[in-house]
Amino acid sequence: MDWSQLRADFPILDQTVHGHPLVYFDNAASSQKPRQVVDTLVRYYQTDNANVHRGLHELSMRATDAFEATRKKVARFIGAAREEEIIYTRGTTEAINLVAGVWPAQFLQPGDVILLTGMEHHSNLVPWQLAAKRTGAVLKHIPVLEDGTLDLDAAEVLLTEEVKLFACVHISNSLGTVNPVKELVAKAKALGAVTLVDGAQAVGHVPVDVQDIGCDFYAFSGHKMCAPTGIGALYGRYELLEKMEPWQGGGEMITTVTLEKSDYKAPPAKFEAGTPNIADVIGLGAAIDYLENIGVEAIQAHGAELTAYAYQRMAELPGIRILGPEAPRGSLVAFHLACAHPHDLVEFANTYGLALRGGHHCTQPLMKRFKVPGTSRASFYLYNTKAEVDRMMNILHQAVNFFS
Ligand code: PMP
Numbered sequence: 001m002d003w004s005q006l007r008a009d010f011p012i013l014d015q016t017v018h019g020h021p022l023v024y025f026d027n028a029a030s031s032q033k034p035r036q037v038v039d040t041l042v043r044y045y046q047t048d049n050a051n052v053h054r055g056l057h058e059l060s061m062r063a064t065d066a067f068e069a070t071r072k073k074v075a076r077f078i079g080a081a082r083e084e085e086i087i088y089t090r091g092t093t094e095a096i097n098l099v100a101g102v103w104p105a106q107f108l109q110p111g112d113v114i115l116l117t118g119m120e121h122h123s124n125l126v127p128w129q130l131a132a133k134r135t136g137a138v139l140k141h142i143p144v145l146e147d148g149t150l151d152l153d154a155a156e157v158l159l160t161e162e163v164k165l166f167a168c169v170h171i172s173n174s175l176g177t178v179n180p181v182k183e184l185v186a187k188a189k190a191l192g193a194v195t196l197v198d199g200a201q202a203v204g205h206v207p208v209d210v211q212d213i214g215c216d217f218y219a220f221s222g223h224k225m226c227a228p229t230g231i232g233a234l235y236g237r238y239e240l241l242e243k244m245e246p247w248q249g250g251g252e253m254i255t256t257v258t259l260e261k262s263d264y265k266a267p268p269a270k271f272e273a274g275t276p277n278i279a280d281v282i283g284l285g286a287a288i289d290y291l292e293n294i295g296v297e298a299i300q301a302h303g304a305e306l307t308a309y310a311y312q313r314m315a316e317l318p319g320i321r322i323l324g325p326e327a328p329r330g331s332l333v334a335f336h337l338a339c340a341h342p343h344d345l346v347e348f349a350n351t352y353g354l355a356l357r358g359g360h361h362c363t364q365p366l367m368k369r370f371k372v373p374g375t376s377r378a379s380f381y382l383y384n385t386k387a388e389v390d391r392m393m394n395i396l397h398q399a400v401n402f403f404s
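Right, dumping it as structure tokens:
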């Protein structure tokens, strides 16, 4: 596989920033989109655009076919048993809010435990805090060890029959840690808990099989895997989705409506009120085609190679502290340089055309845990190259000289 050839599919990469070739290492925040995805969006708007499901005319039928074909693709891509288990959402945040906004009110009692971890993104913390406030449930967290992995001994103690909901990030966006979600889900399920996995940094980066993981819910965002912004999905085990009340009410999700009450459609329609984000769903389908054509396992191997290379080279920098285990890790390296605040470092890098991200990465409790104000993060995807890592290293060495 000639990875540098792929770059032709991403014209955005071929530009200079402040007179330097752009090095885009902010993929954990959002990936770039290949021509194939952008072309699909343009083609949809130019030839097929219409509302889905309700129409009996040609354009509506074409739009509906493409919209529903993507649902099948997503189901296959993440190993769901059936396409009705895929609910389109704006992304991971909305998917988790859907579950946290509905399931706890029906199934949690005061004193029940919601077990999370200390490395969750705010989008897998705040919705559960809101749910705990509404239901009287208690929040507990599996601590994070100094090496950036979960404290599995503490998890054994925390996983009791009082835990009714367990939610955990698959790959940490701030540490790169790959969590043993299959094992943790199995333990939680054996105690009768419902389980949710945040797959924002996993889908499109590593092979994901929700049935193998065994979780009840799995959330991800399209924009981190070559698809447009504003589209993602929630996988939910069908029996659970059937038992859950709707989240939002409106058109599309009902069978009959009177002035007093309504009957709802079966999942997934029950959870998709209103006109959906049709174009971006179809764009998500194009992104899955693109990634599958290359092969997710190959993408994972490329990411692992770049990350291992970057990790080794970055470890050379004086005063650097890299968070998270050396391996296995997702395709990112988050670090703190003793000589510079992450925001200053990221601004310095930008003047050389290098796009990093600096700050708390929506994981404030984790920053507190590691006693850092924030970190700088380089995150990689399929179009990145070792030559770009070398360019980053030159810039980071200059930064160390500049700030020291
Ligand atoms: N969880 C993780 C681990 C993430 O990295 C992100 C995105 N930074 C999210 C959740 C939220 O995703 P989105 O903003 O696309 O809803």
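Under the UniProt record's numbering, the first residue of the sequence shown carries the number 1, and numbering increases by one thereafter. Note that beta-carbon positions come from the ideal geometry of N, C-alpha and C, so glycine has one too. If you're wondering where the values come from, they're calculated on a predicted model, not measured in any experiment.
Using a threshold of 6 Å, is the CB atom of GLN201 nearer than that to any non-hydrogen atom of ligand 3?
-> Of the ligands this structure carries, namely ligand 1, none is ligand 3.
Hey, how far is the Cα of ILE78 from the Cα of PRO207?
-> If you draw a straight line from the Cα of ILE78 to the Cα of PRO207, it comes to about 8 Å.
Report yes if the C-beta distance between ILE86 and VAL74 is below 7 Å; otherwise report no.
-> In this structure, VAL74 lies closer than 7 Å to ILE86 by Cβ.
Distance, MET314 Cα to GLN398 Cα = One Cα belongs to GLN398, the other to MET314, and the distance between them is close to 13 Å.
Rounded to whole angstroms, what's the CA-CA distance from ALA132 to VAL163? Just pull it up for me.
-> Taking the Cα positions, ALA132 is about 13 Å away from VAL163.
Determine which residues share a DSSP beta bridge with ARG329 and list them.
-> Paired residues: THR177.
Would ASN376 pass as a contact of VAL400 if the rule is Cβ separation under 7 Å?
-> The residue you asked about is not Asn; residue 376 is Ser in the sequence shown. It is not a contact, given that the beta carbons lie outside the stated cut-off.
For the region 180 to 193 against the region 8 to 27, are there 3 or more C-beta pairs whose distance is under 8 Å?
-> Segments in contact, no.
Over what stretch of residues does the alpha helix (DSSP H) that includes ARG391 continue unbroken?
-> Per DSSP, the continuous alpha helix (DSSP H) segment holding ARG391 begins and ends at 386 to 403.
With 16 other CB atoms within 10 Å as the buried threshold, where does ASN97 fall?
-> It is buried - the Cβ of ASN97 has at least 16 other Cβ atoms within 10 Å.
Please list, in chain order, all residues of the same chain as GLN32 whose beta carbon is under 8 Å from its beta carbon, the five residues on each side excluded.
-> Contacts found: PHE10, ILE12, LEU13, TYR24, CYS226, TYR381 and TYR383.
Length of the line joining the Cα atoms of LEU284 and ASN293 = LEU284 and ASN293: Cα-Cα distance of roughly 14 Å.
Say yes only if the C-beta of HIS173 is nearer than 6 Å to one or more non-hydrogen atoms of ligand 1, and no if none qualify.
-> Looking at the sequence shown, residue 173 is not His but Asn. ASN173: yes, Cβ under 6 Å from ligand 1.
Using a threshold of 7 Å, state whether the C-beta atoms of ALA50 and SER60 are closer than that.
-> Their beta carbons are under 7 Å apart, which means ALA50 touches SER60 by this criterion.
Hey, how far is the Cα of LEU332 from the Cα of HIS57?
-> CA-to-CA, the gap between LEU332 and HIS57 works out to about 47 Å.
Would the beta-carbon of THR93 be found less than 6 Å away from any heavy atom of ligand 1?
-> A distance criterion of 6 Å places the beta-carbon of THR93 in contact range of ligand 1, judged by its closest non-hydrogen atom.
Using a Cβ-Cβ cut-off of 6 Å (strictly less than) and excluding sequence neighbours within five positions of CYS362, which residues of its own chain qualify?
-> HIS121 and HIS122.
Can you name the residues that DSSP bridges to ASP263?
-> ASP263 is bridged by DSSP to THR256.
What residues match up with THR89 in a beta bridge as DSSP calls it?
-> In DSSP, THR89 forms a bridge with GLY232.
Is the region 201 to 216 touching the region 164 to 174 in the sense that three or more CB pairs, one from each, lie closer than 8 Å?
-> The region 164 to 174 is in contact with the region 201 to 216.
Contact between the region 246 to 255 and the region 273 to 283: three or more CB pairs below 8 Å?
-> Between the region 246 to 255 and the region 273 to 283 there are three or more inter-stretch CB-CB distances shorter than 8 Å, so the stretches are counted as touching.
Can you give the Cα-Cα distance for ASP263 and THR47, rounded to whole angstroms?
-> Distance between the alpha carbons of ASP263 and THR47: 35 Å.
Ranges of the alpha helix (DSSP H) found wholly within the region 113 to 158, counting only runs of at least 4 | Within the region 113 to 158, the alpha helix (DSSP H) runs of at least 4 residues that lie entirely inside it are, in chain order, 126 to 135 and 152 to 158.
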